[in-house]
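Enquirer: Numbering (my numbering), first residue to last: -3 to 155.
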C-alpha cells in the first residue's frame, strides 16, 4: 500500500537490493513510472489504484516431478497410497518433511524389490532429487543400523 505520508526530497537516493534510484525533480506520474520500473522484479503486473497498489498473485510453486512410468503401475500406486497414509510421502509422491535419507533409501529399496525393478535407484533419485541412495542403503547394511521406522516401512510393502 502506498502512503501519501512518504516522500523523497530532491536529490534523495533510494537503495534497495543493490539497485539505486536517484530522485530528482519529478512529477507524480514520473515517480509512479520510475518506481514501477524499479520494482518490476517484484510487481510485474501491479496495478495502481488511487493510493493503493494491487500486487499480482505470487508465482505458483514449481510442480513436482512427474511420476516415472515404472513407479505408476497399479501395484506401485497401492504402495504410494500406503506411504502417503503412513506420512512418508505427500500426495505428489515427494518425501514428507522429516523423512531421512536412510529412510528414503530403505523405501526405494523395498519399493524396487516389490516391483522387480532392475534400475532400482534412478527413478527414486530423479523423483525425489536425492542422489546416491544406493550408498545410503550400503551404509545401512555396512553398519548394521536399524532404522527407527523400518518396521513401519516393511509393513507398507507386506502383501
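Glycine included, C-beta positions come from ideal geometry on N, C-alpha and C.
1. Quick check on this structure: which residue in 145, 67, 26 has the alpha carbon closest to the alpha carbon of residue 117?
2. For residue 137, count the other beta carbons within 10 Å of its own beta carbon; 16 or more makes it buried, fewer makes it exposed. Which is it?
3. Counting Cβ pairs, one atom from each stretch, are 3 or more of them under 8 Å apart for the segment 75 to 83 and the segment 128 to 142?
4. Which first and last residues belong to the alpha helix (DSSP H) in which residue 145 is found?
5. So what's residue 91 in DSSP terms, helix, strand or just coil?
6. Count the other C-beta atoms from every protein chain shown that fall within 10 angstroms of the C-beta of residue 178, then say buried if there are 16 or more, exposed otherwise.
Expert: Put simply:
1. Here residue 117 refers to the residue found at position 121 when the chain shown is read from its first residue. When each option's Cα is compared against that of residue 117, the closest is 67.
2. The residue labelled residue 137 in the question sits at position 141 within the chain shown. It counts as exposed.
3. no
4. Start at 1 with the first residue of the chain shown, and residue 145 comes out as number 149. Segment: none, residue 145 is in no alpha helix (DSSP H) and carries neither H nor E.
5. Within the chain shown, residue 91 is the residue found at index 95, counting from 1. In the structure shown, residue 91 sits in a strand (DSSP, three-state: E or B).
6. The shown model of the chain, from -3 to 155, leaves out residue 178, and the question about it has no answer.
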